[in-house]
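>
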Amino acid sequence: MDYAELHCHSYYSFLDATSSPSELVEEAVKLGLKGLALTDNDALYGVMPFVRECKERELPYCVGAAIAVGKEDTELGGPSRQPDDDQMVLLCKNMTGYHNLSQLITRARHARPKGESRATLDEISELSAGLICLVSGQGNIAKLVLEGQIGRASAEIETYREIFGGNRLYVELVDHREPGDFNRCRKLYKLASKLGVECVATNAVRYARQDKATLYDVLRCIRHKVKLDKSEAVRPQNHQRFLKSPNVMGRLFAEIPDAIRNTCLILDQCQLDLDFTEYRFPDFSTPAGHTDESYLMSLCDEQLTRKYEIVTVEIKQRLREELSLILRLGLAGYFLVVWDIVAFARSRRIGVQGRGSAANSLVAYLLNITPVDPIKHNLFFGRFLNDEKTTIPDIDLDFSATRAAHVADREDVIQYVYEKYGFEYVALACTFITYRVRGALRDVGKVFGISNRILDRMARLAEGRNVSSAFDKIDELEEFASYASRPIWKHFREHVEAIIGLPRHLSMHPGGMVITSTRLSTLVPLEPARMPGRRVCQWDKDMIEQANLIKVDLLGLGMLAVVRETVDLIAGAHGVDIDLDAIPPGDSKVYDMLAVADVLGVFQVESRVQMSTLPRIKPRSIAELAIQIALIRPGPIQGHMVAPYIMRRMNREAVRYPHPRLESILKETLGVILFQEQVLQVVCEIAGYSPGQAENLRRDLNKTRSKKAIDEMQSAFVTSAVRNGVSLSDAKEIFGYVAGFAGYGFCKSHALSFAHLVYQAAWLKCYYPGAFIASLVNNQPLGFYPTDVLINDAKRRSIQILPVDVNQSEARCTVESKGTVRLSLTCVKGLSSAKAQQVQAARGAGEFVSIKDFVRRTELDCSTVERLIAAGACDNFNLPRRKMLWQLWILDRWREHNLAIEPELASPDLPELSAWEELKWERAAQDCSSSAHPMQLLRTKLKSYVYPSDRLRTLRDGVSVSVAGLAICLQRPPTAKGVAFLVLEDECGLLNVVIMPNTYERYRSVFKLSPFMSVHGVMQRRDGIIHVKARSFKRLDWE
Amino acid sequence: MLACLLIDNFDDYLIEITELLAFYSYKWELGDSGEVYIDFDSIGDRIHVLIYELELQHGEIGARIGVAPTRLASFAAAHAATVEAPFFVSPAQLEEFLAEQSISYLPISDKIEERLRTLGLQTLGQVAHIDVRTLVNQFGRAGKLMSELSRGIDLAPLPSELQPVGADEGMRQMGIWDGREDVKTHRQPVPIAVVSDDAGYPRSLLFDHMEGIEIFITIVDIWTIENHWWSEQKTNCEYFEIIECGAEFTSILYKDLNHSKWYMFYR
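Taken in sequence, the protein lines are chains A and B. Every letter in the first sequence is one number past the one before it in my numbering, and letter 465, counting from 1, is 598. Every letter in the second sequence is one number past the one before it in my numbering, and letter 76, counting from 1, is 126.
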């Protein structure tokens, strides 16, 4: 007996199914199903991987969706589900059906809350061509049949028959062996036969195999926010929703064999081959008399003389070659669209620069897409574009992204693109937010009724994707004993492991926009994002690439916003207009600052590792800064390039080239491979590969982990290299370097783009540190360190930080006079820009004089005012903070009950806040504080041999030492073989702690769970860089 | 004087405790935190007999006793007591004893407790020092209550008898009956021998006590229940609604798939 499963949900039904498309296809093949349909809830999220998998395994497939149907159109924006709503499965017979289904889903989701969908009968009727309908055997009709309302049930079926006709309508029969299923199927079959409508059996599958059934129960509980013990109403009564074999399905429907037979008849009708060749990138509206090509060429010619004082033959030749390739690949319009977006951003003073390999292009430089001159920096165009490239290269653009409502930023650019190309033709790519360990612990733990305290502890112990790390050492908690011996703990752990990797919900790609010349909703369903004015398509970037659609990445780069706002603050406070393009390029004071790693807050070079290499490399130019940035990446680290480069840079090792022919390629990086372009150039030079072949080799090495595949690549490379006159041993050695770079690394153009920005940021920090820190705080979250660490760094640079003050602070940090920064109202947690503006508006009528005055005029909610008091922002009312809280709560009660009489605000005598309490209040209420570092207070509790960090400079290498501080960040990079790096901060600065694997395991719970700690270890001093190699840790009690 | 009895895992012995209390004392009350208040004047030392009887059934139960003039004070005293030594607070010691106690003993909401702590008020003594009008102004009715309790005033008498809880509600609270399975109109299931067909479906019932009579059946409905897989009460049963040959009503037959045993519910 043949059977095809025509109703099957993948995990793209978000918390309503557990298996990936690939698992489903694999199981279907194993069970010998004739074919499989993918029918996720109101979505085509999984279609691309599903179709690819089916094609690879030669399994006939069908694409469709389970659609929520509403009988009457409700007001748009209203609640999605109505009591009479139904569900149907729609399957695509052909591309017409696919286009219609995609549009139907788009319409069903339009103007509804995120994640909700409801198609009306009118919409279905309008878009029914090419679709086969399975009327749900578990929905409204089934309910009517069971209630004996045969007349109404018949009428409903007739309605669907009018839409789909007799040959594209089937009644779906589902028998999950739940109470009532058996009889319902029989009654539905009887009714359908009476009406002359065919039936089809499905199992409405939610998991590939039965062993995933309990995970499905857990997902249902997460979806409905209930514990397992109280979940009867939201999960099925048994575990029968798995892919069943033809024999099992045949037995279930032994009395209705037609229903099984019809599955294959429907499958045969569905002959869909997803084909998007009709897709085109939109044409650019060129001036009269121009084509895309001629306009692009004229723009380039025009800019050529502006950008270069002397246009050499080499430049002309390069431009000719690039343009010829761009035109040959039909990408002129694409470049013009990107040029137009950049031009718009510049016209609005929105910081913008190209990133990635696009900066290798002279055309991109001439169009102002990138600030990097590819001629000056000798950039290799083949990395960006070559004749053999099978996919359209992404041009990624960075725009300044700011939280300030009044400043134009990336959001304006996105809205510009929507307006220019039309809402129906543009959408952001989506991303699927999948479960990681912490999220899994939280969601699954709640379902199993595990206490929040335990879950919180486990989440803090969790590391990467390692589930065991969260479960280790949990037995130290007293509460754990109540779970330990119960079966629930084992199930909890198993389900945490099982849920990892499953998509939980949909989110937006940071900036990937798909633009089309045809209506995009016919290719992929679109849906509203939670953010107003945004629509996302139902595919992520990989699926978009698979469908050969072009995406332009409009990314947000906080540092561009920082740099711009710093310039504005300088103009306001110092009356100096800074032109960042005109700042001196080789300022030694700036490079001196970089050389001593005084770089907190400076984008790209502020990380712990960068800070420890800066004093060794001491970059003195933009090109050397680019090397500094590119050096600390997985590619150079795994390729063992870092140490040789540093040794050669410090003249401790002679520069050596793997082959004399590589000297010109590797000269600037002292004989080691640091950039992606160098990988390609080395491969071209040594093996004689074309740029396209070299790029393919680089990509393949990046993707594959199979030794056999790498051996094959090596063999081909070595053979070509030998043929190219390179010795066998040299060829093998060079392949080793190339393969070693397989991990992620920067391309030089990308590093240069960033280096320009790093230099500008460092220059601003060096000459206008007050404005720089104010701008940094205004643009948080950003970079490597918490706001408080940046503020503490500024204080150590003698910048006076003034506290938040309801009578002085603005919505953003301001520079009050040279070197003095006033923290903003928004530094207080929960105080949004809108609330800050509320305060500013109320302050227009005069300064606030008391809590009562403040509450009445600002009308802020109680918890916000609580935090303002705790942060010390109301201290100028000259009342102790506790007494102000006393008054606030009485005022709040009065406000809540709308009492007309004046409240009695007199407070009793309350204990004064201790210095430690005051600090704790401030730290809890705001992200940064102007007051003392907590270690300053804790220091009095420490023994005298626990040194502050600035004392370490006076100690010898190798001595035993004890230090203490607040944990700022803990890293355990995969490339470090189990060694971890901890940054502590005390009142004098930052200090680096190196933790060897054994010490890490032994003391993990201390530095993972306690904010303050003391460390005993050995002092290590290398080239002026100080580390403490930890031997033991001790928790510091700060309560 | 009131005795406060604190027992580890109080809920596990709830039924026995209430039965014993009803026997030993006519004035008692269950508290909100797994404790019980008993009129010490009426129970006296027999409270130890009550504990002994519980321990006879359950072994060590970690019972601690605090005796004091008010509920709050006896509750705090029970926390100060050990299993070996009860803790007594006389009326004369009451004010001094309460003054040192934490505000966590006050029957107030978490929000009010957090506010008291934020204000730096950690002990009942600090609360007792604040004028009652000021407390009422800030906390409303809760302010009056905390003022009284922290000063050792407890005006509510112990109830003289316990209101019985309905049996259904009691069973539901204890999780014995979840009211879910659609078999509640039937009697308790009895084991039965079944002859199955090749597909594993029941074909007939075998009655040994009726000289091995085999009664053929017709299946009306089939369903499967797989539930409570996360607990020790895991169920995995296949149900068949059947009509015995010649019978008028349907019955429910089921196979416990965990143990491969057949049972029958009769109406």
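Glycine included, C-beta positions come from ideal geometry on N, C-alpha and C. On a predicted model such as this, the values are computed, not experimentally measured, just so you know.
Closer than 7 Å between beta carbons: that is the criterion. Which residues of the region 1016-1031 of chain A meet it against chain B?
Under the 7 Å Cβ criterion, the region 1016-1031 of chain A contributes Leu1018, Trp1019, Trp1022 and Ile1023.
> Taking Cβ-Cβ distances shorter than 7 Å, what residues in chain A pair up with B:Thr274?
Those within 7 Å of B:Thr274 in chain A are Arg310, Asn371 and Gln373.
> Put B:Glu294 into one of helix, strand or coil per three-state DSSP.
Here B:Glu294 sits in strand by DSSP.
> So, are the CB atoms of A:Ala694 and A:Gly484 less than 8 Å apart?
In contact: A:Ala694 and A:Gly484 (Cβ atoms closer than 8 Å).
> For A:Gln450, name the three-state secondary structure that DSSP assigns.
Three-state result, A:Gln450: helix.
> Closer than 7 Å, Cβ to Cβ, to anything on chain A: give me those residues from the region 160-178 of chain B, in chain order.
Flagged, chain order: Arg165, Thr168, Leu169 and Gly170.
> Mind pulling the alpha helix (DSSP H) runs of 4 or more residues that sit fully within the region 317-376 of chain A?
The region 317-376 of chain A contains these whole alpha helix (DSSP H) runs: 346-357.
> Suppose the cutoff is 6 Å on Cβ atoms and the five residues either side in sequence are ignored; what does the same chain contact list for A:Gln913 look like?
Only Thr920 meet the Cβ criterion.
> CB B:Glu288 to CB B:Tyr304, shorter than 8 Å?
Against a cut-off of 8 Å, the Cβ pair of B:Tyr304 and B:Glu288 comes out as a contact.
> Between which two residues does the beta strand (DSSP E) harbouring A:Cys995 extend?
Element bounds for A:Cys995: not the beta strand (DSSP E) but the alpha helix (DSSP H), Cys995 to Ala1003.
> For A:Lys358, does the count of other Cβ atoms within 10 angstroms reach 16, so buried, or fall short, so exposed?
Exposed.
> Check for me: the beta strand (DSSP E) holding A:Lys1167 runs from which residue to which?
Start and end: Ile1158 to Arg1168.
> If you reduce the DSSP assignment to three classes, tell me which class B:His129 lands in.
B:His129: helix per DSSP, three-state reduction.
> Identify the contact partners of B:Gln188 in chain A, using a Cβ-Cβ distance below 7 Å as the criterion.
Neighbours of B:Gln188 on chain A, chain order: Trp1019, Trp1022 and Ile1023.
> Let me confirm a value: A:Asp686 is counted as buried when at least 16 other C-beta atoms fall within 10 Å, else exposed. Which label applies?
Buried, by the Cβ-count rule.
> If we count the other Cβ atoms within 10 Å of its Cβ and call it buried at 16 or more, is A:Asn1017 buried or exposed?
Note that residue 1017 of chain A is Met in the sequence shown here, rather than Asn. Label assigned to A:Met1017: buried.
> Would the beta-carbon of A:Ser1077 fall within 8 Å of that of A:Leu1124?
No, these two residues do not count as a Cβ contact at 8 Å.
> Determine whether the Cβ of A:Pro620 lies closer than 8 Å to any Cβ atom of chain B.
Yes, because at least one Cβ of chain B sits closer than 8 Å to the Cβ of A:Pro620.
> Only counting runs of 4 or more residues, tell me where the alpha helix (DSSP H) segments fall wholly within the region 703-731 of chain A, in order along the chain.
Here the runs fully enclosed are 721-728.
> Do you know whose CA, among A:Glu786, A:Val505 and A:Ile765, lies nearest A:Ser490's CA?
Answer by Cα proximity: A:Val505.
> Give the secondary structure of B:Phe299 by DSSP, where H, G and I count as helix, E and B as strand, and everything else as coil.
Coil.
> Using CA atoms only, rank isn't needed, just tell me which of B:Asp89, B:Ser301, B:Glu198 and B:Thr68 is closest to B:Leu174.
The candidate whose alpha carbon is nearest that of B:Leu174 is B:Glu198.
> Which residues of chain A have a Cβ atom closer than 9 Å to the Cβ of B:Glu282, listed in chain order?
Ordered by position in chain A, the residues that pass the 9 Å Cβ test against B:Glu282 are Arg619 and Pro620.
> Give a yes or no on whether 8 Å exceeds the smallest Cβ distance from B:Thr184 to chain A.
Chain A contact via Cβ: present.
> Using DSSP's beta-bridge definition, name the partner residues of B:Ile88.
B:Ile88 is bridged to B:Ala53 and B:Trp78.
> Which residues in chain B have a C-beta closer than 8 Å to the C-beta of A:Thr997? List them in chain order.
In chain order: nothing, as chain B lies at least about 16 Å away.
> Does the beta carbon of B:Trp279 come closer than 8 Å to any beta carbon on chain A?
Yes, because at least one Cβ of chain A sits closer than 8 Å to the Cβ of B:Trp279.
> Any C-beta of chain B within less than 9 Å: which residues of the region 1037-1061 of chain A qualify?
Residues passing the 9 Å Cβ filter: Glu1037, Leu1038, Ala1039, Ser1040, Pro1041, Asp1042, Leu1043, Pro1044, Glu1045, Leu1046, Glu1050 and Trp1054.
> Suppose the cutoff is 7 Å on Cβ atoms and the five residues either side in sequence are ignored; what does the same chain contact list for A:Leu495 look like?
Closer than 7 Å at the Cβ level, and outside the excluded window around A:Leu495, lie Arg451, Leu452, Glu455, Pro507 and Ile508.
> What residue does the alpha helix (DSSP H) around A:Met646 start on, and which one ends it?
No alpha helix (DSSP H) contains A:Met646, which is instead part of the beta strand (DSSP E) from Pro636 to Ile648.
> Per the DSSP calculation, A:Gly487 is bridged to which residue(s)?
DSSP, once it has assigned bridges, lists A:Leu530 as partnering A:Gly487.
> Identify the residues that DSSP records as bridge partners of A:Ala888: which are they?
Beta-bridge pairing links A:Ala888 to no other residue.
> On a CA-only basis, which of A:Met228, A:Gly804 and A:Arg637 is nearest A:Leu352? Give me that one, please.
Nearest of A:Met228, A:Gly804 and A:Arg637 to A:Leu352, Cα basis: A:Arg637.
> Does the separation of the CB atoms of A:Ala974 and A:Thr947 fall below 8 Å?
Not closer than 8 Å, so no.
> Could you check whether A:Glu159 and A:Leu512 sit closer than 8 Å to each other, using their CB atoms as the reference points?
Not closer than 8 Å, so no.
> How many angstroms separate the CA atom of B:Arg183 from the CA atom of B:Lys194?
Cα to Cα, B:Arg183 sits roughly 8 Å from B:Lys194.
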